[in-house]
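Just so you know, we're using my numbering here: the sequence shown kicks off at 36 and counts up by one.
Glycine is no exception: its CB is placed at the ideal position from the N, C-alpha and C atoms.
Below is one structure, written out as structure tokens; comments come after it.
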Amino acid sequence: MNGRNEVIEFLRVKWSKEISYKLKKELWTFYDNRIAVRFEYKYHNAEGQWFRSYVNENWEFDCNGLMEKRFASINVLPIEEKKQKDFLKSLNLVIKIKQILKF
């Protein structure tokens with residue numbers, strides 16, 4: 036993929052298929068013009084099947100701050116309905132605890 040127009044079109048198509056997209060990102064390290072990140076995201080498709088993706092990426096930026104290189108390792112896994120319901124219950128518990136503790 037090269038250039039902003041290709042990136043924009045790729046993301047437009049990708050995100051039109053990935054409904055209810057949720058993202059959690061974590062910065063691992065950075066040095067000079069390089070960043071290493073880890074993230075996981077989940078979404079469902081038009082049929083209602085949920086997926087979770089685990090991603091490790093290394094990014095390198097040019098002198099204008101634009102991404103010049105991207106190396107990615109991405110694993111996409113379907114989520115069983117029961118596990119999705121269990122995850123939502125635990126997420127609601129974390130949200131309630133944060134509200135009580137005023138985080």
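Could you please give me the residues that DSSP links to residue i through a beta bridge?
i	result
Leu112	Arg87
Asn93	Ala71 and Phe106
Tyr78	Phe86
Leu62	Val72
Lys57	Lys77
Answer yes or no: the CB of residue i versus the heavy atoms of the ligand ADP, is any distance below 7 Å?
i	result
Val111	In terms of ligand content, the structure shown is empty, and the ligand ADP therefore cannot be addressed.
Could you have a look at residue i and say whether DSSP puts it in helix, strand or coil?
i	result
Leu46	helix
Glu41	helix
Look at the Cβ atom of residue i, then the Cβ atom of residue j, and state whether they are nearer than 8 Å.
i	j	result
Ile54	Leu62	no
Tyr76	Lys57	yes
Phe86	Pro113	yes
Asn80	Lys52	yes
Phe65	Val90	no
If residue i and residue j are in contact, beta carbons under 8 Å, what's the gap, nearest whole angstrom?
i	j	result
Glu92	Val111	That pair is no contact at about 15 Å.
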